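Engineer:
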Amino acid sequence: MKFALTAELIAEARQFELRSACGDCMYWSAARETCWHDWPDIGQRRWPLDAPDPVTGAVPVDVAFCKEFELR
């Protein structure tokens with residue numbers, strides 16, 4: 002699910018230490034560097050939420066959240 006990346010969302014993510022990145026999910030396989038359910042991870046591996054894209058350096062305008070995310 003995609004949401005607009007607003008200043009309020011960034012502030013709440015920092016304040017409450019919210020986690021949404023694939024690396025924080027129990028379904029993430031570090032050895033395989035992929036989701037056990039084979040979900041794409043574009044836009045979901047980023048943390049903090051406002052971190053620039055590591056390849057392009059672009060500042061994100063939205064954020065993706067996986068419906069199956071389960072915190073480790």
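Numbering (my numbering) for the sequence shown: 2 to 73.
Glycine included, each C-beta is placed from N, C-alpha and C at the ideal position.
If you're wondering where the values come from, they're calculated on a predicted model, not measured in any experiment.
#1: Excluding the 5 residues preceding and the 5 following Phe70 in the sequence, name in chain order all residues of the same chain whose CB lies nearer than 7 angstroms to its CB.
#2: In its own chain, which residues sit with a C-beta less than 6 angstroms from the C-beta of Ala14, not counting the 5 before and 5 after it?
#3: Would you mind listing the alpha helix (DSSP H) stretches within the segment 12–47 that are 4+ residues and don't spill past its ends, in chain order?
#4: Give me, in chain order, the residues of the same chain whose beta-carbon lies closer than 7 angstroms to that of Cys36; leave out the 5 immediate sequence neighbours on both sides.
#5: To which residues of the same chain is Val62 closer than 8 angstroms at the C-beta, ignoring the five residues directly before and after it?
Structural biologist: The answer reads as follows:
#1: For this step, residue 70 is matched to residue 69 along the sequence shown. Cβ neighbours of Phe70 beyond the five flanking positions: Ser21, Cys26.
#2: What you label residue 14 is simply residue 13 of the sequence shown in a count that begins at 1. So the list reads Leu50, once near-sequence residues are dropped.
#3: none
#4: For the purposes of this step, residue 36 is taken as the residue at position 35 of the sequence shown. Taken in chain order, the residues that qualify are Cys23, Tyr28, Trp29, Asp42.
#5: The residue labelled residue 62 in the question sits at position 61 within the sequence shown. Excluding positions up to five away in sequence, the list reads Ala5, Leu6.
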